[in-house]
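A.B. asks:
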Amino acid sequence: MKQDMIVIIDLGSEESALVAREIRGLGVYSEIHPHDLTEEQLAAIPNVKGFILNGGPNNMLDGVAVAPSSAILESGLPMLAVDFDGAPQARQIKSIPAGEEGKQLLREFIFDTCGAQANWTMENFIADQVELVRQQVGGKKVLLALSGGVDSSVVAALLLKAIGNQLTCVHVNHGLLRKGEPEQVVQVFRHNLGANLVYVDATDRFLDKLAGVADPEKKRKIIGAEFIRVFEEEARKLDGIQFLAQGTIYPDIIESGTKTNKVVKSHHNVGGLPEDLQFQLVEPLRQLFKDEVRACGTALGLPDDMVYRQPFPGPGLGVRCLGAITRDRLEALRESDAILREEFRNAGLDRKVWQYFTILPDLRSVGVRDNARCEEWPAIIRAVNTVDAMTAEIEEIPWPVLHTITKRIITQVPGINRVCYDLTPKPTGTIEWE
Ligand code: XMP
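If you count by my numbering, then the sequence shown holds residues 568 to 1001, one letter each, in order.
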């Protein structure tokens, strides 16, 4: 293994992720693990040079204060206990000070006390994960649901490097993807990277199921359930799959709740797994933060527009084609969204704005086209910035860009005669309209 590691033991601190980032910022790889690591689990973590026992306000579990397992306490490795006094052999401090003072303290601990080397780079991370995945999987087969989003794409690229054709990727096109997306997934993974890719065009299946359904939550449920059904059908056709790979990343784990921290919102790839799951999981990105996942994708040679893709909801255009989805309105939405994305790229806004897209409401307004009255749909532009998607501010798009987008949409997209610009922050408006 190429990288040294400092393990942070989660004893109820809310700052563990920050500490991990701080240590990685000093050039040493750091992972966060639960307090009850067994000897076997600990042995499976490579190159551990020391522990930070990170106590804090959430240190009670079922009415009992959490404490590190004996495997941790008897490891003989250096330990720094932060706000935790149940480990007499550890150096104890009340908290890690802010700023340079805290950095200096961590530097002393990780380099002087633990003797760790500053050898955390993306290349070393990839090399280590490749080796770990090979150890875990052996000669067996792995299945991955490849949505084309950043996380699943990076996992696919990493696993291809590790196990090549032992990996099968399944890309389900539910008919609600953006223009060019399924084609890009096929191009990049099947043609450029030579992956085993099963491409399923399930558009008709999804749109038939969704016909006439206007309630947003019903739409979401139908899309989610149908997705699992299609994926399972494809999985059943494949022989001898024993592992399921997932693009779980560290923020998914935090939000789904660790042993000591409460659930923010459950993520499907963490908390929502079926109980009778007969696969073992392969999750090589589970300790990475989003920016590190992108850096990993770039280091693996994925194209920028895949690695820096804006967030896109699972139900896709389905929650932007408001009310009951029809094929013609969905097509108008997809085209208007493609124009918006292209003009954002032309204006250099694509990397600056967090999320930007169009919405097509289920209503028509009167307009005039070719000297005749027309009744067509409006397209609504939404562009927002946010840190955590809980609140959001709108991006102030320059007028000339708005004019260009409007002109292109009303002349190039059949069925749209009007373009509106959503000025609403969150709250009160959510980012999506449904
Ligand atoms: P809202 O609309 O709640 O969205 O302000 C916050 C963020 O979550 C995304 N979003 C979803 N993502 N499935 C997803 O995977 C969904 O059903 C869903 N609904 C909203 C939204 O795009 C935004 O980034």
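Beta carbons: idealized from backbone N, C-alpha and C, even for Gly.
Tell me which residues pass a beta-carbon proximity test against the ligand XMP: closer than 7 Å to any heavy atom, given in chain order.
C.D. replies: In chain order, the qualifying residues are Arg787, Pro878, Phe879, Pro880, Gly881, Pro882, Val886, Gln922, Ala956, Ala959, Lys993, Thr997, Ile998 and Glu999.
A.B. asks: List the DSSP bridge partners of phenylalanine 924.
C.D. replies: Arg949
A.B. asks: How would you call aspartate 650, buried or exposed, if buried means at least 16 neighbouring beta carbons within 10 angstroms?
C.D. replies: Buried.
A.B. asks: Ordered along the chain, which non-local residues of its own chain (more than five positions away) have a Cβ less than 8 Å from that of arginine 894?
C.D. replies: Within the same chain, arginine 894 has close Cβ partners Leu774.
A.B. asks: Our contact map puts threonine 825 next to proline 601 with C-beta atoms below 8 Å; I'd like the distance itself, whole angstroms only.
C.D. replies: 7 Å
A.B. asks: Would isoleucine 660 and isoleucine 619 be called neighbours here (beta carbons separated by less than 8 Å)?
C.D. replies: no
A.B. asks: I'd like the span of the beta strand (DSSP E) that includes glycine 617, first residue to last.
C.D. replies: 615–622
A.B. asks: For the alpha helix (DSSP H) containing proline 749, list its first residue and its last residue.
C.D. replies: Unbroken alpha helix (DSSP H) run through proline 749: 748–752.
A.B. asks: With a 10 Å radius around its C-beta and 16 neighbouring C-beta atoms as the bar for buried, classify alanine 939 as buried or exposed.
C.D. replies: The residue is exposed, with fewer than 16 neighbouring Cβ atoms inside 10 Å.
A.B. asks: Decide if the region 862–878 is in contact with the region 734–741; the criterion is three or more beta carbon pairs, one per stretch, under 8 Å apart.
C.D. replies: Contact between the region 862–878 and the region 734–741 is absent: fewer than 3 CB-CB pairs across the two stretches fall below 8 Å.
A.B. asks: Let me know if cysteine 941 comes out buried or exposed under the rule of 16 or more other beta-carbons within 10 Å of its beta-carbon.
C.D. replies: exposed
A.B. asks: Taking glycine 705 as part of the alpha helix (DSSP H), name the residues at either end of that continuous run.
C.D. replies: For glycine 705, no alpha helix (DSSP H) run applies, since DSSP gives it neither H nor E.
A.B. asks: From the DSSP output, in three-state form, read off tryptophan 966 for me.
C.D. replies: helix
A.B. asks: Which of the three DSSP states, helix, strand or coil, is assigned to phenylalanine 798?
C.D. replies: helix
A.B. asks: Output yes or no for whether 8 Å exceeds the beta carbon distance between glutamine 696 and proline 851.
C.D. replies: yes
A.B. asks: If you drop the 5 nearest sequence neighbours on each side, which residues of the same chain put their C-beta closer than 8 Å to that of arginine 918?
C.D. replies: So the list reads Tyr875, once near-sequence residues are dropped.
A.B. asks: Grab me the residues of cysteine 863's own chain with a C-beta within less than 8 Å of its C-beta, minus the 5 sequence neighbours each way, in chain order.
C.D. replies: Excluding sequence neighbours, cysteine 863 sits near Met689, Phe692, Ile693, Val721, Leu725, Leu852 and Leu855.
A.B. asks: What is the DSSP secondary structure of methionine 572, counted as helix, strand or coil?
C.D. replies: strand
A.B. asks: What's the gap between the Cα of proline 981 and the Cα of glutamine 754?
C.D. replies: Straight-line Cα distance between these residues: approximately 28 Å.
A.B. asks: Out of Leu777, Leu764 and Arg901, which has the shortest C-alpha to C-alpha gap to isoleucine 789?
C.D. replies: It is Leu777.
A.B. asks: Less than 6 Å between C-beta atoms, sequence neighbours within five positions excluded: which residues of the same chain meet that for proline 1002?
C.D. replies: No answer is possible for residue 1002: it lies beyond the span of the chain, which begins at 568 and ends at 1001.
A.B. asks: Could you check the C-alpha separation between arginine 591 and serine 597 for me, to the nearest Å?
C.D. replies: 6 Å
A.B. asks: Run the CB neighbour count on glutamine 845, radius 10 Å, all protein chains shown included, and call it buried at 16 or more, exposed below.
C.D. replies: By the neighbour-count rule (16 or more Cβ atoms within 10 Å), glutamine 845 is not buried but exposed.
A.B. asks: May I have the straight-line CA-CA distance separating cysteine 888 from leucine 869, to the nearest angstrom?
C.D. replies: 30 Å
A.B. asks: Between aspartate 751 and the rest of its own chain, which residues show a CB-CB distance below 6 Å, the 5 nearest in sequence each way excluded?
C.D. replies: In the sequence as displayed, the identity of residue 751 is glutamine instead of aspartate. Same-chain partners within the cutoff: there are none.
A.B. asks: In this structure, how does DSSP classify isoleucine 612 when only helix, strand and coil are distinguished?
C.D. replies: Note: isoleucine 612 maps to coil in three-state DSSP.
A.B. asks: Using DSSP with H/G/I as helix, E/B as strand and the rest coil, what is tyrosine 817?
C.D. replies: helix
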